[in-house]
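The block underneath contains the structure these notes are about, expressed in structure tokens.
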Amino acid sequence: MGIRLRAERERLGLTQEQLAVAAGANKITVFRYEGGAHLPTLSFLVAVEAVGVDVGYVLDGKRSMVVLGLDDAALLGRALAVIDDLLDKHHFSPSEEVHGRLILQVLKDAHSSASGSKIRMQSLDKLIEELTK
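Add 953 to a position in the sequence shown, counting from 1, and you land on the number used in my numbering.
Dropping the structure here:
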């Protein structure tokens, strides 16, 4: 359980001290939980869930839902802004399925780029043009 707690903390880009502050605990408590010396308390788990920790994963190793780290959430926000701008540019109101395809394409393009955060507009322009024909 401690290894998974550490993985979640690192996924969120938090230090032990930052996670401790979010949970109303101290750094030593987080260190002990991550090291397996103690099991996290219910109040600790409830508190860290509020900052994005997937508590289901910490407890049983299974992801309970799609979980985004801060970088992923920022990328998704940029992707949605890019899509909205392109849809306005093309005067296109897609179905939910098409809108989902556009979001997936933006995220795919961003993750395949060298920096992991660059969004290529050209492929989306082409995709929207194909969808509006």
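Where a beta carbon is used, it is the ideal one built from N, C-alpha and C, also for glycine.
Should residue i be labelled buried (16 or more other beta-carbon atoms within 10 Å of its own) or exposed?
i, result
"Glu1050", "exposed"
"Asp1037", "exposed"
"Glu970", "exposed"
"Asp1007", "buried"
Under DSSP, the alpha helix (DSSP H) around residue i begins and ends at which residues?
i, result
"Leu1012", "1008–1013"
"Arg1016", "Arg1016 -> no alpha helix (DSSP H), and no H or E assigned at all."
"Gly966", "It is not in any alpha helix (DSSP H) - Gly966 carries neither H nor E in the DSSP assignment."
Within this structure, are the beta carbons of residue i and residue j separated by less than 9 Å?
i, j, result
"Glu987", "Arg962", "yes"
"Leu958", "Val974", "no"
"Leu899", "Met954", "Any question about residue 899 goes unanswered here, given that the chain covers just 954 to 1086."
"Gly1009", "Leu965", "no"
Please give me, in chain order, every unbroken run of the alpha helix (DSSP H) with length at least 4 that falls completely inside the segment 977–1001.
Segments of the alpha helix (DSSP H) lying fully in the segment 977–1001: 980–988.
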